[in-house]
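Residue numbers for the sequence shown follow full-length UniProt numbering, beginning at 1 and rising by one.
Here's the structure we're looking at; comments come further down.
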Amino acid sequence: MAAPIIQLPSYDSVVERGSSIWPSVDFFRLRWYLRGPIEKSIVVIADAFDSTSPQEAYQTTTPDGGIRLHTVSQSCLTTIPVSSITVTVRALDDWEENWLDAHREVDEEDKEYVLLEDGTRRLVRVYGEERPGPSPTCVVQATTQPFVTVGDYVAAVHPWLNSLGGDIRRAKGVWRGAPLSSGCDIFLDPVQLDHLFTWDASSFKPSEEAKWRSVAKVARDRADCLAGAPAEAFGGEAS
Numbered sequence: 001m002a003a004p005i006i007q008l009p010s011y012d013s014v015v016e017r018g019s020s021i022w023p024s025v026d027f028f029r030l031r032w033y034l035r036g037p038i039e040k041s042i043v044v045i046a047d048a049f050d051s052t053s054p055q056e057a058y059q060t061t062t063p064d065g066g067i068r069l070h071t072v073s074q075s076c077l078t079t080i081p082v083s084s085i086t087v088t089v090r091a092l093d094d095w096e097e098n099w100l101d102a103h104r105e106v107d108e109e110d111k112e113y114v115l116l117e118d119g120t121r122r123l124v125r126v127y128g129e130e131r132p133g134p135s136p137t138c139v140v141q142a143t144t145q146p147f148v149t150v151g152d153y154v155a156a157v158h159p160w161l162n163s164l165g166g167d168i169r170r171a172k173g174v175w176r177g178a179p180l181s182s183g184c185d186i187f188l189d190p191v192q193l194d195h196l197f198t199w200d201a202s203s204f205k206p207s208e209e210a211k212w213r214s215v216a217k218v219a220r221d222r223a224d225c226l227a228g229a230p231a232e233a234f235g236g237e238a239s
């Protein structure tokens with residue numbers, strides 16, 4: 001008899017039912033930058049609880065031209081296994097609202113509007129700059145396992161983020177008067193998976209090293225919480 005097909009919930013459905021769901025400890029090991037190809041962008045630290053532990057490449061090219069992924073790629077992405085997760089970028093989620101706020105006091109002669117069917121006006125440009133549109137989404141599906149793995153997430157999200165790099169730099173520059181320069185590193189806060197927070201080196205207070213130490217502390221605190229909580233709090237059955 002064939003093994004039964006495992007039907008796992010989506011990330012959104014787990015959140016909607018009130019269960020606590022976090023990135024797995026292995027995901028906390030990633031140091032993920034937007035520097036182009038994955039090989040140049042992501043490293044894996046040996047110990048999620050020690051931000052200074054040794055690093056290895058997440059992806060390497062073999063002598064015959066193949067791709068080798070770090071074993072962390074096979075790990076479950078989340079503390080509760082899920083079949084899919086929908087991802088947005090927080091900077092882009094807030095971009096339109098921030099853009100409108102930043103241009104609220106601009107002279108009307110520098111603004112362009114369109115007239116909507118209901119007779120109201122919609123601001124579409126300021127100083128010739130287009131109003132930001134809706135925040136894009138990326139849906140990550142499980143591929144090799146019933147659950148979404150770290151590898152599934154990286155393979156889907158990294159090229160998507162690279163394609164949005166210009167918009168992310170513009171969104172993060174709204175209150176700075178100009179987009180972030182192309183030479184300014186952008187990297188991901190691994191604490192939240194569905195609405196990604198991005199950091200940039202030009203705004204670090206405290207230092208980048210201190211931020212990674214705080215991430216290691218979050219990883220340890222959540223692991224301790226998971227170890228001490230009843231199973232039903234994380235979507236499982238009480239023992």
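The beta carbon of each residue, even a glycine, is placed where N, CA and C say it ideally should be.
Since this is a predicted model, take the numbers as computed values, not measurements.
Residue of the options minimising C-alpha distance to residue i
| i | options | result |
| --- | --- | --- |
| Trp199 | Ser53, Leu8, Gly18, Trp32 | Trp32 |
| Ile42 | Ser13, Leu115, Lys172, Pro159 | Pro159 |
| Thr60 | Pro37, Ala48, Phe49 | Pro37 |
| Asn162 | Val106, Val174, Thr143, Ser182 | Ser182 |
| Tyr58 | Ala91, Phe49, Gln74, Gln145 | Gln74 |
| Ile67 | Asp167, Ala210, Ala155, Phe49 | Ala155 |
Where residue i falls: helix, strand or coil (DSSP)
| i | result |
| --- | --- |
| Cys184 | coil |
| Phe197 | strand |
| Thr71 | helix |
| Ser13 | helix |
| Pro146 | coil |
| Ala46 | coil |
| Ala156 | helix |
| Trp32 | strand |
| Leu92 | helix |
| Leu100 | helix |
| Glu112 | strand |
| Glu56 | strand |
| Arg131 | coil |
| Asp224 | helix |
Check: residue i C-beta below 7 Å from any heavy atom of the ligand MG
| i | result |
| --- | --- |
| Tyr58 | The ligand MG is absent from the structure shown, which contains no ligand whatsoever. |
Cβ shell of residue i (< 7 Å), same chain only, five flanking positions each side left out
| i | result |
| --- | --- |
| Val72 | Asp26, Arg29, Val44, Val150 |
| Glu56 | Val43, Val44, His70 |
| Val157 | Val87, Cys138, Val140 |
| Asp12 | Thr86 |
| Glu208 | Ala201 |
| Ile6 | Pro146 |
Contact belief for residue i with residue j at Cβ below 8 Å, rounded distance in angstroms
| i | j | result |
| --- | --- | --- |
| Leu77 | Leu193 | 7 Å |
| Thr62 | Ser24 | Actually they do not touch by this definition, with Cβ atoms about 27 Å apart. |
| Ala201 | Asp185 | 4 Å |
| Ser51 | Arg213 | 5 Å |
| Asp93 | Ser135 | 5 Å |
| Ala216 | Ala48 | 7 Å |
| Gly165 | Leu34 | 6 Å |
Beta-carbon proximity list for residue i, same chain, < 6 Å, skipping 5 on both sides
| i | result |
| --- | --- |
| Pro81 | Leu8, Phe147 |
| Val191 | Val218 |
| Leu180 | Arg169, Lys172, Gly173, Asp200 |
Cβ shell of residue i (< 8 Å), same chain only, five flanking positions each side left out
| i | result |
| --- | --- |
| Phe234 | Because Phe234 sits at a pLDDT of 42, beneath the cut-off of 50, its placement in the model cannot be relied upon, and the following sentence gives the value as read from the coordinates. Ser19, Ser20, Ile21, Thr79, Ile80, Leu226. |
| Val15 | Ile21, Asp194 |
| Phe116 | The sequence shown places Leu at residue 116, not Phe. Arg122. |
query = If we count Cβ pairs, one from each stretch, closer than 8 Å, do we get three or more for the stretch 125-144 versus the stretch 77-87?
reply = Between the stretch 125-144 and the stretch 77-87, the count of C-beta pairs closer than 8 Å reaches three or more; the two stretches touch.
ask   = Touch check for the stretch 216-228 and the stretch 117-128: three-plus C-beta pairs under 8 Å?
value = Contact fails between the stretch 216-228 and the stretch 117-128, because fewer than three Cβ pairs, one in each stretch, are under 8 Å apart.
inquiry  = Under 8 Å: do the stretch 124-135 and the stretch 100-110 share three or more Cβ pairs, one atom per stretch?
reply    = Contact between the stretch 124-135 and the stretch 100-110 is present, because at least three Cβ pairs lie under 8 Å.
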